[in-house]
Each structure stands twice: as structure tokens, then as C-alpha cells.
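Chains as they are written, first to last, in my numbering: chain B, -16 to 429; chain X, -16 to 429. Please read the structure below before turning to the comments.
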């Protein structure tokens, strides 16, 4: 599949390669070479004998695949994992999450939370994540330091929060951050208007203009619940998706997150405009928000990616678990076992996420010339035996703990399950300290 | 909670004990003592200083809880994990599973498949499983050898299979097996009529009489799909559950597996008769069979337990993953985030399973005097930090890979993630050989 190169940085010999492109293909006894941060060769192992490499890895029981792309989350909230469960969206936010955030969110909180989130994501196979939270500057610096790829969606609200005063302030801070990282290979700063019910239409129109000028993605919570849609119809006389369309905010750069309440006309509008949908099944189930009609969207050609949402509403940041849930949920929701088969689910968690972020020329599949964002998944344990088809194992069995190695831009960030750039002992101690502080504040208020 | 005993076999000092009974309780800095296969003390660590033990385990980041009870499966089918996916129940059975079984099921197949299943189950926290498959004699001997607790439901059909000729033959073999193991502490042999559509009403009535005489549990696939219920109404003029009731087969010893198609009158009948329901959410979702109305059943006081079904239709035998799916599915199915909270889900996977099997005097909770079926779950990893409430982590985050230790009847079967009685290298080689044989047969037939 490529001319044999000269000496390379890394040469990997797995049992299987799951390249994602071409769709549904599994290559057995193929090898992957990495050079200068990119995939320099994908070829039969029998033809790889002449390649010299600084490091050679034999992974005889593993599948090599593109790193997973987590298209929606709030990394800093990892410190609120399990803080409140089994409550609907609004009471959960108003009685638990917002008070805790109000008391504690700071640069330090966001940095520690995001590092905890990144540790979990790398250990479960994610190599790119989208983030929307306060102090994105802290997360940008952190990702640069840890070698993690991120789409940083700077948050925009109409009202003050810990990070800004009003929409103009958020936008100006966000664009300055975008400018700071314009030469970064890892950090991509994009617009993150929180939702149509927290950003007024005038500001949404302003964001539409700016995003078009900069050709920058826009990431927004949309149609998360039927209640949200009904309230918008009451207030504006139209569904939120229609408002976005009218305001010029719906196009191929738009990432619509959640989308549980969708009619045929909504799906047609998404297909027509080329907007992407980010499906977050575990969060939508846990908060009882509803079910995104993934199969209907895919049937109309809409690009559907996958996200975990935050650890406060999931409670994990594990795209392998999310893939399993997405596939099972689609089947039972449609009462059709052929819905969302394994290969399609795997595409959602990789190339579709890359496409939503506009990064599909670089990531989302194992192809010669692409950036080397790659993971190795060990299928030799009893849980994943026997292997008739590795795609089945990857979607229906693997839970993240089988991810042994991970490379981001060719740099190894996970080696034999060990994080190469994060000190877990120190990180756990910081997480425990936050738990004590946050619990103490809550107890004092009661 | 108990008088301090003298010298004990094992003394465990975890960070938390989740006893399941009392409901929802978490004990911090408690210790558990095990003697003669039973829990001899559960007491504050501060009071455990005087206890001498042959082995003392310090588990400062772990939660100790009762081993999980997997109430439905077909262990031997682990060799068909991922053999065919993304197909509805009947084509999946008729075109894939039954032909493969017809060609390969033997004592050797069942033994190797069940050992693979047991390895996976122990590593993911299960200490008791229910099994319904051919050659239960092989599984009985295997469980005795491996120290695994099993409810062995000997299969009954009207027609011949690899293990028997007709209902009388199955019953006579099954009762002989029950007799062989009547003194076993680990193996409990009970009736397993496959389903109302594979066992005629005359034979079901016979089983009802025998089960009542022996006070033995009856385990049966029931209302797995709406199609099954409609076909029964067509043939018998009544719903399968009503047939069972009329035939005297519905009572506190009955375990009704699947139950996706249930009306109010069905739920009332289950509540009235004291029958248990075994919920298998992942299998029901994957085969698009439907959704068991768990919350409505629990609200009426029906005992609902949890099962994985086989690795061929799930594709994992992991009750932690099943708990997460059960909780999330109930919330979105009811559009109510308060449905199936963490503590209730944990009860389903432990004490409710024990109750369904009639074993709740011995297992399903950590209480002084009960049999020591116990697991330790390490919550110190980044995925499970911070810990506000261990119940939340156990249901919404833990995926089985955090189970470090497991004791069955006080015997350690998992130590620091290593199986003490199973040679995984040898087992994996056998699984791979079966995969090659089964694939070769399939390819030859095509």
C-alpha cells in the first residue's frame, strides 16, 4: 500500500490492523511504520522485513487501530465524577453541579480535572477529545505539555462565569487563545456557544459571522431534551435547529451535540446543511434526556460522531464503553438488530469524529500519510477470546482496559498500560484533595 | 456487628465495605474476617486489632462487596463469542448458532467454553453463575474443580439434542446429576425447561410436579420477544406466562428469563406468585428483542435479578457492564433519571440473584455468618477517582478490570488479577484451536 521507506522511528507488528478506511476492513499480519509523527507505511508484514526502525514492537495478540475521537466533553468536571447521580438534568445541574462549580471552579480545578480526564481517556484509547469548559487556556497548555490532541471549544454565554463577563468578553478571550495556538499541531481552538438557551440570537448571529470568516468549527449543545425544544418554540416560535439555520449557524463546520429530539424535518435540515451530530448515548440515558435517532441520521447521510459528555453525567470518559452502548441502544430503539453494526459504530468513534472537527485529512484512520494517532488493543485475554472478527471484539467486548499502547502524532503516550507523561500517584492525591474540599463545602452548606 | 472471634483464616482491611444488606449502606474503614469458608466478622477496623489471621490483606484503595450473581447464561457458548453479530434472534440462531452447535457441541466443546466463561466471569467479579447448556455434567465437574459456584439448570427439550433424546431422557439425566451433587457446596442442579415453545405443556406440567416435590428451582426463557408471545397466543389462546401459571409452574422457585413483553396483568401475576424475573439487558438490546420493564416490576415487589445471557449474544459475561447498562436503560426507557438508582442496581446483581436461586441465606451480601463469596474492587485508578460514593463508581464506572481479588466459599480464586486455578495460556490456546475448527467448518459449508 506504500513504497517501502528507509529507516523509520517506529515499526509495529500487530496481529490485525483495523484501518477504519476502507470501511469494515481487517488486515491480518500487516505492519505499520511511523516516521516524523506520521504513518509512513502500512504493508504486509512479509514485505516489512527490510525496514529499519529505532523501535520495533511485536504485538502478536493485538489489533492496531486509529485512536478514538471523543467529540464532546467537559474535562475539568472529572473532579465531579459521581458527585450526584440518578437525578434529571435540571435538578442535577441546579442543586448539585452548579453550586459545586460556583464554589470551586478555578484554574487549578480545571487543570487537575482535565489531567484526570486525559489520564482516563488515554488509558481507554482516546487520542483526540473535544472540550468545552471554563479556563480553556489551562487545558490548552496542559494538552501541549502532555502531548494530547484537543479541540478546545471556548465557552460563550450571555452571562458572567468564572472565565468571562459576557459574550463579547468570551469571544475576545477565545479568539486570543485561538491566536496563541494557531501554530500548534495538537491544540485546535474553536467556537463553543454553550446552547441556544444560554446565548441570545444576536450573539449566535455574531458567532456565525466570525466562524465563517475564520472557517472555524462551532460546537453547541442542541436539542438535548424535549423540554428545551418546547421552551424554545414557546419563546421564539421555532425549534432551536431552525433558529440556528436562520442565523446562518448551521453548516459543515457545525457540531450539534445531543440531538435527542429530532423530527424528519430536522434530519432533512441537517443533511441539507452538512452539519454534524455528536451522539452522547450514556449521558442522554443517565439523565433520561432521550435518544438520538442515529440510524435515521446515518441513513440520510448525516455525519454522526460519538462523545462521552462529562464524567459528572456519564460517569466515565471511555469511548469503548460508549461504542457498545451506542450500538446496543440503536438496536433496541429501532427494534432492529441490524441497526448500527460494529463497523459503522467504530467509524462513528474515529473517522466521523475527525470529520466533525474538520481534521479528517489528518486523523481518524490508519492510512499512509496521516498523522500517527494510533492505539494497540490486546485481544489475547479470556474476555476477548476467541476472535472470529476483531471488529466484534472492539465494539461489543473491549472496555478500554485492553488498550496497551497509544501514540499521538507518533509520540508514545501509553506504553504497556503506563502513561508516559502523567504521574498517577501525584494526580490521584490531587483528586482526593479536591474530593475532600468539595465535600466539606457541601456539608458546611447543609 | 459481631463478637470478635479468635484466629481466622483471612482478615481483609479495605477502604470501604459495601455489604448490600442493609440496602444502600457504605461502611468506611471496616474489616472483614473469613473463617471456615464463612464471614466470621464484619467490624470497624479500629476494633479488629486483636484478630489474628493466617493471611492479612491491606486493600487501602478498594471496596469489598459480595461477589456478583449472574442469573442467566450458556457458558459453553463462550467459544462462539462474536461468531455472528448484528442479526435478529431467529436468523442469528438458525443461520449461525444452531449450525455451529450442531457441528461442534461435545463434552470437550462445553468444557473448554465453560472454562473460558468462568475465567472471564471471575475476572469481572462474578462468583455465582446460572448455566443452561448441553452436558451439564461436564460443567458440574469443572465448577467443582475450579471452586466456582454454579446453579446448573439441566436443559429440557421435547426433541433430541447432543445431550438427550426427549423430555423424559433430559429429566432423568438431570435428576441423576442432581443426585450426584446433592452434597456439593458449590453445585446446585435445578430444572431448565428451555422455553414454552420448545417444551410442550404436558412436559411443563410434569416438571411443575417434580420441582414442587423436590422444592427445586425452575429456570425458563420466557417472553423474550413479542413474536414469541403472539405465536403462543395464536397456538394456545393464552400468553406463555398464563400457561405457566395454569400448569402450576409459576411460584417463588421460578426464574423467568428475559420478560421483555409484559403487560400490567403479567406484572400482577408475577407479584402474586412470587416468581423472579431475570433481566438480561445487553442481550435483549443486541438481539433487538425488547426491554424488560424493570422499574414497574420492582415497584410491584417482584424480585428482579440480572444475567448476561451467553457470550454469543452479548458478547461479554461481565455483570459490572451489565449493571451499567441496566441502570442507563431503565432511565431512558422511563424517561426518568431517578429510575433504577445505583444501590438498587447493585442489589439486582447480588442479593436479588441469590434470592431468585433460593440461595439468599448463604450468599448475595456481606453479613456475618454468610458464605464468604466476596470480591475486592480497586477504586484507586484515574477512571474511578475521585470517590464521593463508592456505589456510584461500582455501577457507573467499574468495568470489571478493577476486580483484584475474589473469594468463593472463602477460597481465593483471584489474587491481584491472577486466576489461582486456571492456566490462561493453555485455555487461550484451546479457544484459538476451537476458533480455527469452527471457522474451517463454516468455510467448507459455504
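Ideal Cβ placement from N, Cα and C applies to all residues, glycine included.
Apply the 10 Å Cβ neighbour rule to residue i and answer buried if 16 or more other Cβ atoms are within range, or exposed otherwise.
| i | result |
| --- | --- |
| residue 73/X | exposed |
| residue 146/X | buried |
| residue 108/X | buried |
| residue 30/X | exposed |
| residue 137/B | buried |
| residue 266/B | buried |
| residue -14/B | Residue placement at residue -14/B is flagged as unreliable, the pLDDT there being 45, under the threshold of 50; a coordinate-derived value is accordingly withheld. |
| residue 378/X | buried |
| residue 281/B | buried |
| residue 149/X | exposed |
| residue 197/X | exposed |
| residue 390/X | buried |
| residue -16/X | At residue -16/X, the pLDDT of 41 sits below 50, so the modelled position is not reliable; the number obtained from the coordinates is stated separately. It counts as exposed. |
| residue 165/X | exposed |
| residue 110/X | buried |
| residue 117/B | buried |
| residue 361/B | buried |
| residue 192/X | exposed |
| residue 84/X | buried |
| residue 151/X | exposed |
| residue 376/B | buried |
| residue 344/X | exposed |
| residue 419/B | exposed |
| residue 143/B | exposed |
| residue 287/B | buried |
| residue 403/B | exposed |
| residue 363/X | buried |
Beta carbon of residue i, beta carbon of residue j: below 8 Å?
| i | j | result |
| --- | --- | --- |
| residue 407/B | residue 200/X | no |
| residue 261/B | residue 55/B | yes |
| residue 64/X | residue 35/X | no |
| residue 4/X | residue 327/X | no |
| residue 208/X | residue 243/X | yes |
| residue 104/X | residue 171/X | no |
| residue 285/B | residue 253/B | yes |
| residue 309/B | residue 264/B | yes |
| residue 202/B | residue 175/B | yes |
| residue 95/B | residue 413/B | yes |
| residue 434/B | residue 229/B | What is shown of chain B runs -16 to 429, which leaves residue 434/B out entirely. |
| residue -7/B | residue 40/B | yes |
| residue 46/X | residue 373/X | yes |
| residue 173/X | residue 134/X | yes |
| residue 393/B | residue 19/B | yes |
| residue 227/B | residue 206/B | no |
Pull up the CB-CB distance for residue i and residue j, whole angstroms please, since I reckon it's below 8 Å.
| i | j | result |
| --- | --- | --- |
| residue 232/B | residue 270/B | With 8 Å as the limit, residue 232/B and residue 270/B do not qualify as a contact, their Cβ atoms being about 25 Å apart. |
| residue 62/B | residue 92/B | 6 Å |
| residue 295/B | residue 369/X | Residue 295/B to residue 369/X, Cβ: 11 Å. No contact. |
| residue 278/X | residue 317/X | 6 Å |
| residue 383/X | residue 382/B | 7 Å |
| residue 312/X | residue 268/B | 7 Å |
| residue 371/B | residue 422/X | 7 Å |
For residue i, is the beta carbon positioned less than 7 Å from some heavy atom of the ligand GTP?
| i | result |
| --- | --- |
| residue 35/X | You won't find the ligand GTP in this model; it holds no ligand whatsoever. |
As an exercise, report each continuous alpha helix (DSSP H) stretch of at least 4 residues that is fully enclosed by the segment 307 to 334 of chain X, in chain order. Taking only runs of at least 4 residues, the alpha helix (DSSP H) segments lying wholly in the segment 307 to 334 of chain X are 325 to 331.
Can you give, in chain order, each stretch of the alpha helix (DSSP H) that sits fully within the segment 210 to 272 of chain B and has at least 4 residues? Every alpha helix (DSSP H) stretch that sits fully inside the segment 210 to 272 of chain B and reaches 4 residues is listed by chain position as 223 to 229, 247 to 256, 264 to 269.
Report the residue ranges of all alpha helix (DSSP H) runs contained in full by the segment -8 to 77 of chain X; include only those spanning at least 4 residues, in chain order. 72 to 75
Give, in chain order, every residue of the segment 250 to 283 of chain B whose Cβ lies closer than 9 Å to some Cβ of chain X. 264, 265, 267, 268, 269, 270, 271, 272, 273, 274
Counting only Cβ-Cβ distances shorter than 8 Å, please list the residues of the segment 89 to 112 of chain B near chain X, keeping chain order. 99, 102, 103, 106, 107
Taking a Cβ distance cut-off of 9 Å, strictly less, list which residues of the segment 69 to 81 of chain B are near chain X, in chain order. Listed by position, the residues of the segment 69 to 81 of chain B near chain X (Cβ gap below 9 Å) are 69, 70, 71, 72, 74, 75.
Give me the subset of the segment 390 to 407 of chain B whose CB atoms are less than 9 Å from a CB atom of chain X, sorted by chain position. Listed by position, the residues of the segment 390 to 407 of chain B near chain X (Cβ gap below 9 Å) are 402, 405, 407.
Along the chain, which unbroken stretches of the alpha helix (DSSP H) at least 4 residues long are found entirely within the segment 105 to 183 of chain B? Secondary structure remark: continuous alpha helix (DSSP H) runs of at least 4 residues inside the segment 105 to 183 of chain B, in chain order: 119 to 129, 150 to 163.
Could you name each continuous beta strand (DSSP E) segment of 3 residues or more that falls completely within the segment 338 to 394 of chain X, going from the start of the chain to the end? 357 to 361, 386 to 391
Taking a Cβ distance cut-off of 7 Å, strictly less, list which residues of the segment 361 to 381 of chain X are near chain B, in chain order. 363, 365, 366, 368, 369, 370, 371, 372, 375, 376, 379, 380
Beta carbons nearer than 7 Å to chain B: which residues of the segment 46 to 60 of chain X have them? Hits within the stretch: zero.
Members of the segment 329 to 352 of chain X near chain B, C-beta cut-off 7 Å: Taking 7 Å as the upper bound on Cβ-Cβ separation, chain B lies near no residue of the segment 329 to 352 of chain X.
Determine which residues of the segment 181 to 214 of chain X have a Cβ less than 9 Å from any Cβ of chain B, and write them out in chain order. 209
Interface residues of the segment 123 to 142 of chain B facing chain X [CB-CB below 7 Å]: Answer set for the segment 123 to 142 of chain B: empty.
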